[in-house]
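Heads up: the structure comes next, in C-alpha cells.
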Amino acid sequence: MSSNNYYDVTTWPVGNPSEDVGEVINSIIADIKDRQTVTDANNGGKPGAVIYIPPGDYHLRTQVVIDVSFLRIQGSGHGFTSSSIRFNVPEDEWPNLHELWPGGSRVIVDIPLGEGREESKGAAFYVERSGSPRISSVEFSNFCIDGLHFNSDGSGMPPENTYVNGKTGIYVASANDSFRVNGMGFVYLENALTIYKADALSIHDNFIAECGSCIELRGWGQASKITDNLVGAGPKGYSIYAENHGGLLITANNVFPRGASSVHLSGVTRSSVSNNRLHSFYPGMVILEADSSENLVATNHFLRDHEPWTPFLGVDNGLNELNGLLCVSGSNNSVIGNHFSQIIDSESIRPAGAMPVIIRLLAGSGNFVSNNHVVAMDVRSTSSDSCFEAQVDALLTTQASDGLPVTAVMVDSESVRNTILDSGTEAQVIADRAVNALRTTPTVGFTVQSSEAVDPRLSTPAPPQSSP
2 MSSNNYYDVT
12 TWPVGNPSED
22 VGEVINSIIA
32 DIKDRQTVTD
42 ANNGGKPGAV
52 IYIPPGDYHL
62 RTQVVIDVSF
72 LRIQGSGHGF
82 TSSSIRFNVP
92 EDEWPNLHEL
102 WPGGSRVIVD
112 IPLGEGREES
122 KGAAFYVERS
132 GSPRISSVEF
142 SNFCIDGLHF
152 NSDGSGMPPE
162 NTYVNGKTGI
172 YVASANDSFR
182 VNGMGFVYLE
192 NALTIYKADA
202 LSIHDNFIAE
212 CGSCIELRGW
222 GQASKITDNL
232 VGAGPKGYSI
242 YAENHGGLLI
252 TANNVFPRGA
262 SSVHLSGVTR
272 SSVSNNRLHS
282 FYPGMVILEA
292 DSSENLVATN
302 HFLRDHEPWT
312 PFLGVDNGLN
322 ELNGLLCVSG
332 SNNSVIGNHF
342 SQIIDSESIR
352 PAGAMPVIIR
362 LLAGSGNFVS
372 NNHVVAMDVR
382 STSSDSCFEA
392 QVDALLTTQA
402 SDGLPVTAVM
412 VDSESVRNTI
422 LDSGTEAQVI
432 ADRAVNALRT
442 TPTVGFTVQS
452 SEAVDPRLST
462 PAPPQSSP
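To get the working numbering, take the position in the sequence shown, counting from 1, and add 1.
Right, dumping it as C-alpha cells:
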C-alpha cells in the first residue's frame, strides 16, 4: 500500500526542483501541515513524512523553513568530493578531470545574499518552532549540501580558499529534541551545521569538510552525540564546537587538519571526548575553556604536523607553541591515555627557541592527567602542489627524524591541586610541586625493585619495603 506521507521532489506538482528545490520542499511541508491537523486521533494524529531527493543536481534559491516534527529529508548519496582540490588545480587541467562538482543527491545553495544579512538568512534549511512541545525528530539523511563557491574576503587569498560565503547548510534556531543528521555530505559552506538548544541530538557518519565551520552546538544542550564523522574546517572556524552542553559524547571522529581547532568546548560539563583521531597543522587542537569541568578526554590520537600543501602555506590559527595541543581551563577533568605526536620543524617554532607545550592546564583545580604518551620529532618540513600525495607522504614518514624537546605538561599558577601521573619525565613537566601531586615517567637508567626506583647515581639501591 502506498503512503501519502512519502513525497518525491521530482514528482511533486508545485515548482521545478532543478531550478528551486526550496520552493518544492516548502510546498510539500505546507501540504503536510494542511493534511495533518488532528493532534489526537486513534492514539496518533501527526505522523510526519519523508521527502525524497533522488540523485541529481537541485538548485536551492528559496530557504526551506521546517516547523513540523517527524520529518525526514533523505537522498541517495552524500556526494562529497573535494572542491578545494579542484579549485587549486590549474584551470587548463579541468577538462581532464573525471568530475568537477560534488554529486549524489546534491542541493546547491543559491540563496541570494546581501550585505549585513543575518547569519540564519543564508541557511539552506532553517528549523524553528515555538510553543510546546519542542520540535522533535527532524532528520537529514544521505544527501549533499554544496555552497558551490567561496568569496573574496580581502585577505589576499584566492577567493576559493577563503572559506567565506555567508552560506549555511542546516541552521536550527529553536529548542529541539531527538534530531538526526546522518550520512550527509557538506562542502563549501561557511557554516555546515549550526544547532541551538539541542537535546538528544545525533550527528553521525557524515562527511563535513572544506567548510568554514563544520559542527557548532550553540546556546545550551544535553545528552547529544557527535560520532563517526569525517570532519575538517577552515583556519578561521571550528571543526567541532559546543557551548554550555552536558552529557555530550564526541567519539570515533576523524578530524582533518586546517581547522582553527579540532574540538573546542566552552562551558561544557560531564562530557566525553574519546577515541578520536585528531590532526592539526596548528597548536590549540583541543580546548576546554570557560570552566569546562568533569569531562573525560581519553584515548585520543593527536597529530600535530605542518601544512604540506602549497596553496595554504603560511596560513595558521594565530596560536604559538606555548599554547599547547590540549588546553584546559576548568576543574576535575580527566585526561587519560592519549597519544600525542608532535612532528614539526624546530626552525618553525614560534616564539623562536621556545619549547613546545603538549598539555597545558591554564586554570581550575583537581584535574587528573595520567598515562599520556608523547612522541616529539624534529623534521624538515616540505610542501607539494599535490594535496593528496603531500599529505599522505607526511603521514607515513617516520624515519630519519631527530627528537624534539617538549614540555609534556605545563601547569599554570591559576591551576592547582591537580594530579599528574606518568605523562612526562621530570624534565618534561612544569608544575608547582607544593600545590600539585606529581609522579613523572621513569627515564632510561632507572629500574624498579619492590616498588622502589633505583637511581644509578646512588652507590646502593634503597632497601625494599617489608611486607606488613
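By construction, the Cβ of each residue, glycine as well, lies at the ideal position given by its N, Cα and C atoms.
Per DSSP, the bridge partner or partners of residue 200
178 and 223
Length of the line joining the Cα atoms of residue 235 and residue 323:
22 Å
For the beta strand (DSSP E) containing residue 9, list its first residue and its last residue.
7-9
When DSSP builds the beta bridges, which residues end up paired with residue 59?
108
Cβ shell of residue 440 (< 7 Å), same chain only, five flanking positions each side left out:
422 and 423
Sub-8 Å separation of residue 8 and residue 67 beta-carbons
no
If you reduce the DSSP assignment to three classes, tell me which class residue 311 lands in.
helix
Should residue 244 go down as buried or exposed, given a rule of 16 or more other Cβ atoms within 10 Å for buried?
buried
Among 218, 361, 357 and 104, the one whose alpha carbon lies nearest that of residue 377
357
I'd like to know if residue 370 contacts chain B, where contact means its C-beta is closer than 8 Å to some C-beta of that chain.
Among the chains of the structure shown, chain B does not appear; only one protein chain is present.
I'd like the ranges of any beta strand (DSSP E) spanning at least 3 consecutive residues and lying wholly in the stretch 226-314.
226-228, 231-234, 239-244, 250-252, 262-267, 273-275, 278-281, 287-290, 297-299 and 302-305
Residue 41, buried or exposed, once every other Cβ within 10 Å from all chains shown has been counted against 16
exposed
Taking the alpha carbon of residue 124 as the reference point, which residue from 166, 155 and 84 has its own alpha carbon closest?
166
Close beta carbons around residue 409, own chain, < 7 Å, minus the five adjacent residues each side:
359, 360, 375, 424, 425, 429 and 430
By Cβ distance below 8 Å, which residues in the same chain neighbour residue 226 in space, the five residues on each side in sequence not counted?
202, 203, 204, 205, 249, 250, 251 and 252
As assigned by DSSP and simplified to three states, the class of residue 89:
coil
Suppose you measure from the CA of residue 303 to the CA of residue 260; what does that come to, to the nearest Å?
14 Å
Look up residue 1 in the DSSP assignment and say whether it is helix, strand or coil.
No answer is possible for residue 1: it lies beyond the span of the chain, which begins at 2 and ends at 469.
Rounded to whole angstroms, what's the CA-CA distance from residue 72 to residue 136? Just pull it up for me.
10 Å
Close beta carbons around residue 1, own chain, < 6 Å, minus the five adjacent residues each side:
Lying before the first or after the last residue shown, residue 1 is absent from the chain, which here runs from 2 to 469.
Measuring only the C-alpha atoms, how far is residue 283 from residue 262?
8 Å
Check whether the stretch 171-179 and the stretch 136-154 are in contact - that is, three or more C-beta pairs closer than 8 Å.
yes
Hey, is the stretch 95-111 in contact with the stretch 141-155, meaning 3+ C-beta pairs nearer than 8 Å?
yes
Residue burial classification, residue 34 (beta-carbon count within 10 angstroms, cutoff 16)
exposed
Given residue 150, which residues of its chain have a CB within under 8 Å of its CB, disregarding the five upstream and five downstream residues?
160, 161, 166 and 189
Reduced DSSP secondary structure (H/G/I, E/B, other) of residue 132:
coil
What residues match up with residue 73 in a beta bridge as DSSP calls it?
51 and 140
Backbone CA spacing between residue 122 and residue 277 [nearest angstrom]:
33 Å
Starting from the C-beta of residue 255, find all residues in its chain whose C-beta is less than 6 Å away, skip the five residues before and the five after it, and write them out in chain order.
231 and 278
Which of the three DSSP states is assigned to residue 445 in this structure?
coil
Residue 36 versus 65, 60 and 69, residue with shortest Cα-Cα distance
69
Which listed residue (417, 158 and 285) has its alpha carbon closest to that of residue 435
417
Residue 10, buried or exposed, once every other Cβ within 10 Å from all chains shown has been counted against 16
buried
Per-residue burial, residue 18 [other beta carbons within 10 Å of its own, 16 or more giving buried]
buried
Residue environment, residue 192, which counts as buried when at least 16 other CB atoms sit within 10 Å
buried
From the DSSP output, in three-state form, read off residue 153 for me.
coil
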